[in-house]
Amino acid sequence: MIRTPLMTVMVQAVRKAGRSLIRDFGEVENLQVSLKGPANFVSNADRKAERILHDELSKARPNFGFIMEEGGEIDGADESHRWIIDPLDGTTNFLHGIPLFCVSLGLARDGVPVAGVIYNPVTDELFVAEKGAGAFMNDRRIRVAARRSLADAVVCCGLPHMGRGDFAQFGREYGAIAPKVAGLRRTGSAALDLAWVAAGRFDAFWERGLSPWDMAAGIVLVREAGGYVSDLDGGDKMLAKGDIIVGNDTVRRDLLALVNKA
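Numbering follows my numbering, with no gaps: position 179 of the sequence shown is 179.
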(Lines of atoms letter the chains of each structure in order from A; the text may use other names.)
(Lines give C-alpha, C1' and ligand atoms only; values in the text may rest on other atoms or scores of the structure.)
Protein backbone atom coordinates (compact mmCIF):
# COMPACT_ATOMS: atom_id res chain seq x y z
CA MET A 1 0.00 0.00 0.00
CA ILE A 2 1.06 3.63 -0.34
CA ARG A 3 3.39 4.55 2.56
CA THR A 4 4.01 8.26 1.96
CA PRO A 5 3.86 10.66 4.93
CA LEU A 6 0.70 12.22 3.47
CA MET A 7 -1.08 8.88 3.19
CA THR A 8 0.00 7.91 6.70
CA VAL A 9 -1.62 11.08 8.05
CA MET A 10 -4.84 10.48 6.08
CA VAL A 11 -5.14 6.82 7.02
CA GLN A 12 -4.59 7.46 10.72
CA ALA A 13 -7.27 10.16 10.69
CA VAL A 14 -9.95 8.10 8.94
CA ARG A 15 -9.26 5.03 11.07
CA LYS A 16 -9.69 7.08 14.25
CA ALA A 17 -12.95 8.57 12.95
CA GLY A 18 -14.07 5.11 11.86
CA ARG A 19 -13.55 3.69 15.37
CA SER A 20 -15.79 6.45 16.72
CA LEU A 21 -18.49 5.63 14.15
CA ILE A 22 -18.36 1.91 14.92
CA ARG A 23 -18.93 2.56 18.62
CA ASP A 24 -21.93 4.74 17.80
CA PHE A 25 -23.24 2.32 15.16
CA GLY A 26 -23.46 -0.30 17.89
CA GLU A 27 -25.99 1.89 19.69
CA VAL A 28 -28.20 2.57 16.68
CA GLU A 29 -30.03 -0.75 16.79
CA ASN A 30 -31.03 -0.13 20.40
CA LEU A 31 -32.41 3.29 19.48
CA GLN A 32 -34.50 2.01 16.55
CA VAL A 33 -37.24 0.87 18.91
CA SER A 34 -37.69 4.24 20.58
CA LEU A 35 -40.41 6.62 19.44
CA LYS A 36 -37.95 9.43 18.92
CA GLY A 37 -35.61 7.19 16.96
CA PRO A 38 -31.86 7.53 16.52
CA ALA A 39 -31.81 10.63 14.28
CA ASN A 40 -30.36 13.07 16.82
CA PHE A 41 -27.89 10.47 18.01
CA VAL A 42 -26.67 9.89 14.44
CA SER A 43 -26.28 13.62 13.83
CA ASN A 44 -24.05 13.80 16.89
CA ALA A 45 -22.05 10.78 15.69
CA ASP A 46 -21.53 12.53 12.35
CA ARG A 47 -20.30 15.74 13.96
CA LYS A 48 -18.06 13.87 16.40
CA ALA A 49 -16.34 12.00 13.55
CA GLU A 50 -15.83 15.28 11.70
CA ARG A 51 -14.22 16.87 14.77
CA ILE A 52 -11.82 13.93 15.01
CA LEU A 53 -10.83 14.33 11.35
CA HIS A 54 -10.42 18.09 11.67
CA ASP A 55 -8.30 17.80 14.81
CA GLU A 56 -6.05 15.04 13.48
CA LEU A 57 -5.48 16.71 10.11
CA SER A 58 -4.93 20.16 11.67
CA LYS A 59 -2.19 18.77 13.87
CA ALA A 60 -0.44 17.11 10.96
CA ARG A 61 -0.89 19.84 8.33
CA PRO A 62 -1.78 23.05 10.22
CA ASN A 63 -1.69 25.28 7.14
CA PHE A 64 -4.16 23.33 4.99
CA GLY A 65 -7.74 24.54 4.56
CA PHE A 66 -10.93 22.48 4.87
CA ILE A 67 -14.18 21.85 3.04
CA MET A 68 -16.43 19.86 5.39
CA GLU A 69 -19.99 18.60 5.12
CA GLU A 70 -20.94 19.78 8.60
CA GLY A 71 -18.39 22.51 9.36
CA GLY A 72 -18.33 24.28 6.00
CA GLU A 73 -15.23 25.90 4.52
CA ILE A 74 -12.19 26.95 6.54
CA ASP A 75 -9.37 28.80 4.81
CA GLY A 76 -5.78 27.88 5.58
CA ALA A 77 -2.51 29.75 5.27
CA ASP A 78 -1.67 27.34 2.43
CA GLU A 79 -4.17 28.47 -0.20
CA SER A 80 -3.32 25.60 -2.57
CA HIS A 81 -4.31 22.66 -0.36
CA ARG A 82 -7.71 21.77 1.08
CA TRP A 83 -8.97 18.71 2.87
CA ILE A 84 -12.43 17.68 1.61
CA ILE A 85 -14.23 15.72 4.31
CA ASP A 86 -17.38 13.62 4.59
CA PRO A 87 -17.24 12.07 8.06
CA LEU A 88 -20.23 9.81 7.43
CA ASP A 89 -21.24 9.11 3.85
CA GLY A 90 -24.32 6.93 3.92
CA THR A 91 -26.04 8.61 6.84
CA THR A 92 -29.45 7.11 6.04
CA ASN A 93 -27.94 3.62 6.00
CA PHE A 94 -26.24 4.31 9.34
CA LEU A 95 -29.51 5.65 10.74
CA HIS A 96 -31.31 2.42 9.84
CA GLY A 97 -28.57 0.06 11.00
CA ILE A 98 -27.49 -0.84 7.45
CA PRO A 99 -23.72 -1.51 7.39
CA LEU A 100 -22.98 0.41 4.18
CA PHE A 101 -21.36 3.72 5.12
CA CYS A 102 -17.89 5.18 5.16
CA VAL A 103 -15.53 7.98 6.06
CA SER A 104 -14.40 9.85 2.94
CA LEU A 105 -11.33 12.10 2.97
CA GLY A 106 -9.91 13.82 -0.09
CA LEU A 107 -7.10 16.30 -0.58
CA ALA A 108 -7.34 18.87 -3.36
CA ARG A 109 -4.40 20.84 -4.69
CA ASP A 110 -5.43 24.02 -6.52
CA GLY A 111 -8.95 22.61 -6.75
CA VAL A 112 -7.93 19.24 -8.22
CA PRO A 113 -8.24 16.07 -6.08
CA VAL A 114 -4.80 14.48 -5.68
CA ALA A 115 -5.24 12.00 -2.80
CA GLY A 116 -8.15 10.09 -1.34
CA VAL A 117 -9.03 7.65 1.41
CA ILE A 118 -12.41 5.92 1.79
CA TYR A 119 -12.93 3.65 4.80
CA ASN A 120 -15.83 1.37 5.67
CA PRO A 121 -15.23 0.62 9.35
CA VAL A 122 -17.77 -2.22 9.43
CA THR A 123 -15.90 -4.31 6.84
CA ASP A 124 -12.50 -2.75 7.66
CA GLU A 125 -12.02 -2.08 3.95
CA LEU A 126 -9.63 0.82 3.41
CA PHE A 127 -9.41 2.27 -0.09
CA VAL A 128 -6.46 4.61 -0.72
CA ALA A 129 -5.03 6.44 -3.72
CA GLU A 130 -2.51 9.17 -4.34
CA LYS A 131 -1.88 10.79 -7.71
CA GLY A 132 0.72 8.80 -9.61
CA ALA A 133 0.95 6.02 -7.01
CA GLY A 134 -1.96 3.74 -7.91
CA ALA A 135 -5.04 2.66 -5.95
CA PHE A 136 -5.25 0.03 -3.23
CA MET A 137 -7.77 -1.73 -1.00
CA ASN A 138 -5.96 -2.62 2.22
CA ASP A 139 -2.70 -4.10 0.84
CA ARG A 140 -3.98 -5.14 -2.58
CA ARG A 141 -3.66 -3.14 -5.79
CA ILE A 142 -7.06 -2.53 -7.37
CA ARG A 143 -8.11 -1.88 -10.97
CA VAL A 144 -11.39 -0.96 -12.64
CA ALA A 145 -13.27 -3.82 -14.30
CA ALA A 146 -12.26 -4.71 -17.86
CA ARG A 147 -15.72 -5.51 -19.26
CA ARG A 148 -16.28 -3.66 -22.52
CA SER A 149 -20.00 -4.18 -23.09
CA LEU A 150 -22.85 -2.51 -21.21
CA ALA A 151 -24.79 -5.76 -21.60
CA ASP A 152 -22.28 -7.38 -19.23
CA ALA A 153 -22.02 -4.43 -16.86
CA VAL A 154 -23.44 -3.92 -13.38
CA VAL A 155 -23.94 -0.17 -13.07
CA CYS A 156 -24.46 1.79 -9.87
CA CYS A 157 -26.45 5.00 -9.68
CA GLY A 158 -27.94 7.53 -7.33
CA LEU A 159 -31.69 7.62 -6.78
CA PRO A 160 -33.68 10.78 -6.12
CA HIS A 161 -35.62 10.71 -2.87
CA MET A 162 -38.05 12.82 -0.91
CA GLY A 163 -37.02 16.46 -1.09
CA ARG A 164 -34.04 15.89 -3.33
CA GLY A 165 -33.49 15.16 -6.99
CA ASP A 166 -35.36 15.25 -10.29
CA PHE A 167 -37.64 12.21 -10.39
CA ALA A 168 -38.70 12.79 -13.98
CA GLN A 169 -35.10 13.08 -15.17
CA PHE A 170 -34.08 9.91 -13.36
CA GLY A 171 -37.11 8.10 -14.77
CA ARG A 172 -35.94 8.91 -18.29
CA GLU A 173 -32.40 7.80 -17.50
CA TYR A 174 -33.60 4.58 -15.91
CA GLY A 175 -35.77 3.81 -18.93
CA ALA A 176 -32.84 4.34 -21.28
CA ILE A 177 -30.21 2.45 -19.28
CA ALA A 178 -31.92 -0.44 -17.43
CA PRO A 179 -32.72 -2.45 -20.60
CA LYS A 180 -29.11 -2.12 -21.79
CA VAL A 181 -27.17 -3.34 -18.73
CA ALA A 182 -26.82 -6.52 -16.68
CA GLY A 183 -28.10 -4.75 -13.58
CA LEU A 184 -28.56 -1.45 -11.77
CA ARG A 185 -27.64 -1.01 -8.11
CA ARG A 186 -27.85 1.66 -5.42
CA THR A 187 -25.92 1.37 -2.15
CA GLY A 188 -26.79 4.67 -0.46
CA SER A 189 -23.18 5.90 -0.31
CA ALA A 190 -21.73 7.68 -3.34
CA ALA A 191 -18.21 7.51 -1.92
CA LEU A 192 -18.43 3.72 -1.56
CA ASP A 193 -19.92 3.49 -5.05
CA LEU A 194 -16.83 5.21 -6.44
CA ALA A 195 -14.51 3.03 -4.37
CA TRP A 196 -16.28 -0.09 -5.62
CA VAL A 197 -15.90 1.01 -9.24
CA ALA A 198 -12.18 1.47 -8.55
CA ALA A 199 -12.10 -2.06 -7.12
CA GLY A 200 -13.91 -3.55 -10.12
CA ARG A 201 -17.06 -4.48 -8.19
CA PHE A 202 -19.23 -2.10 -10.18
CA ASP A 203 -18.46 -1.45 -13.83
CA ALA A 204 -19.70 2.14 -13.80
CA PHE A 205 -21.46 4.75 -11.70
CA TRP A 206 -23.33 7.97 -12.35
CA GLU A 207 -25.17 10.41 -10.12
CA ARG A 208 -26.45 13.97 -10.06
CA GLY A 209 -26.77 16.42 -7.18
CA LEU A 210 -23.61 15.49 -5.31
CA SER A 211 -21.34 17.66 -3.17
CA PRO A 212 -17.52 17.86 -3.38
CA TRP A 213 -17.12 15.74 -0.22
CA ASP A 214 -19.12 12.93 -1.85
CA MET A 215 -16.72 12.72 -4.79
CA ALA A 216 -13.24 14.09 -4.08
CA ALA A 217 -11.63 10.95 -2.66
CA GLY A 218 -13.42 8.65 -5.10
CA ILE A 219 -12.27 10.64 -8.13
CA VAL A 220 -8.63 9.94 -7.24
CA LEU A 221 -9.35 6.28 -6.54
CA VAL A 222 -11.05 5.67 -9.89
CA ARG A 223 -8.39 7.50 -11.88
CA GLU A 224 -5.52 5.74 -10.11
CA ALA A 225 -7.29 2.40 -10.69
CA GLY A 226 -7.19 3.06 -14.43
CA GLY A 227 -10.70 4.42 -14.79
CA TYR A 228 -12.13 7.48 -16.47
CA VAL A 229 -14.00 10.26 -14.67
CA SER A 230 -16.06 13.12 -16.08
CA ASP A 231 -19.10 15.23 -15.41
CA LEU A 232 -22.29 14.45 -17.33
CA ASP A 233 -21.27 16.86 -20.08
CA GLY A 234 -18.07 14.88 -20.61
CA GLY A 235 -15.92 17.58 -18.99
CA ASP A 236 -13.84 17.84 -15.83
CA LYS A 237 -16.11 20.03 -13.65
CA MET A 238 -17.45 17.34 -11.34
CA LEU A 239 -16.86 19.22 -8.09
CA ALA A 240 -18.38 22.44 -9.46
CA LYS A 241 -21.38 20.89 -11.24
CA GLY A 242 -22.19 18.17 -8.71
CA ASP A 243 -22.59 15.35 -11.23
CA ILE A 244 -20.26 12.52 -12.13
CA ILE A 245 -19.92 9.43 -14.31
CA VAL A 246 -17.09 6.89 -14.02
CA GLY A 247 -15.96 3.56 -15.41
CA ASN A 248 -13.42 2.16 -17.84
CA ASP A 249 -13.05 4.11 -21.08
CA THR A 250 -15.57 2.09 -23.11
CA VAL A 251 -18.30 1.53 -20.53
CA ARG A 252 -18.18 5.13 -19.28
CA ARG A 253 -18.43 6.51 -22.81
CA ASP A 254 -21.36 4.25 -23.75
CA LEU A 255 -23.17 4.95 -20.48
CA LEU A 256 -22.66 8.69 -20.91
CA ALA A 257 -24.25 8.50 -24.36
CA LEU A 258 -27.34 6.84 -22.86
CA VAL A 259 -27.57 9.41 -20.04
CA ASN A 260 -27.32 12.30 -22.49
CA LYS A 261 -29.87 10.70 -24.81
CA ALA A 262 -32.28 10.48 -21.89
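We put the CB at the ideal spot given by N, CA and C, even for glycine. Fair warning: this is a prediction, and the values are worked out from it, not measured in the lab.
Would you kindly report the start and end of the unbroken alpha helix (DSSP H) that includes residue i?
{"i": "D249", "result": "D249 to K261"}
{"i": "D193", "result": "A190 to A198"}
{"i": "P212", "result": "P212 to E224"}
{"i": "G177", "result": "Residue 177 is actually Ile in this sequence, not Gly. From DSSP, the alpha helix (DSSP H) with I177 extends over F167 to I177."}
Determine, using beta carbons only, whether residue i and residue j come nearer to each other than 8 angstroms.
{"i": "A60", "j": "E173", "result": "no"}
{"i": "A204", "j": "V197", "result": "yes"}
{"i": "A182", "j": "D152", "result": "yes"}
{"i": "K180", "j": "L159", "result": "no"}
{"i": "I67", "j": "P212", "result": "yes"}
{"i": "D86", "j": "D214", "result": "yes"}
{"i": "L210", "j": "I244", "result": "yes"}
{"i": "A144", "j": "N248", "result": "Reading the sequence as shown, one finds Val at residue 144 and not Ala. Result yes, Cβ atoms of V144 and N248 sit closer than 8 angstroms."}
{"i": "I232", "j": "W206", "result": "Looking at the sequence itself, residue 232 is Leu, so the reference to Ile does not match. Their beta carbons are under 8 angstroms apart, which means L232 touches W206 by this criterion."}
{"i": "F94", "j": "F202", "result": "no"}
Express the C-alpha separation of residue j and residue i in angstroms, rounding to a whole number.
{"i": "A217", "j": "L126", "result": "12 angstroms"}
{"i": "R23", "j": "P121", "result": "10 angstroms"}
{"i": "R252", "j": "V155", "result": "10 angstroms"}
{"i": "R43", "j": "V28", "result": "The sequence shown places Ser at residue 43, rather than the Arg named in the question. Roughly 12 angstroms separates the two Cα atoms."}
{"i": "V112", "j": "S230", "result": "13 angstroms"}
{"i": "T4", "j": "M10", "result": "10 angstroms"}
{"i": "H96", "j": "D110", "result": "37 angstroms"}
{"i": "A108", "j": "V114", "result": "6 angstroms"}
{"i": "A49", "j": "A225", "result": "28 angstroms"}
Please look up how many angstroms separate the CB atoms of residue i and residue j, rounded, as I've assumed it's under 8 angstroms.
{"i": "S192", "j": "I118", "result": "The sequence given here has Leu at residue 192, not Ser. About 7 angstroms separates the two Cβ atoms, so the contact holds."}
{"i": "E70", "j": "R47", "result": "5 angstroms"}
{"i": "L105", "j": "G90", "result": "With 8 angstroms as the limit, L105 and G90 do not qualify as a contact, their Cβ atoms being about 15 angstroms apart."}
Output the boundary residues of the beta strand (DSSP E) element that contains residue i.
{"i": "A151", "result": "First-last for A151: undefined, no H or E at that position."}
{"i": "L88", "result": "D78 to D89"}
{"i": "M1", "result": "Per DSSP, M1 belongs to no beta strand (DSSP E) and is neither H nor E."}
{"i": "L239", "result": "L239 -> not in any beta strand (DSSP E); alpha helix (DSSP H) instead, spanning M238 to K241."}
{"i": "A133", "result": "That residue, A133, is in no beta strand (DSSP E); it is neither H nor E in DSSP."}
{"i": "F264", "result": "Outside the shown range of the chain (1 to 262) lies residue 264, about which nothing can therefore be said."}
Given 7 angstroms as the limit, tell me if residue i has its C-beta closer than that to any heavy atom belonging to the ligand GDP.
{"i": "I98", "result": "Ligands in the displayed structure: none, and consequently the ligand GDP is not present."}
If we count Cβ pairs, one from each stretch, closer than 8 angstroms, do we get three or more for the segment 130-142 versus the segment 76-85?
By the C-beta criterion, the segment 130-142 is judged not to be in contact with the segment 76-85, since fewer than 3 inter-stretch pairs fall below 8 angstroms.
Using 8 angstroms as the threshold, is the segment 221-231 in touch with the segment 164-172, meaning 3 or more CB pairs across them?
No: fewer than three Cβ pairs fall under 8 angstroms.
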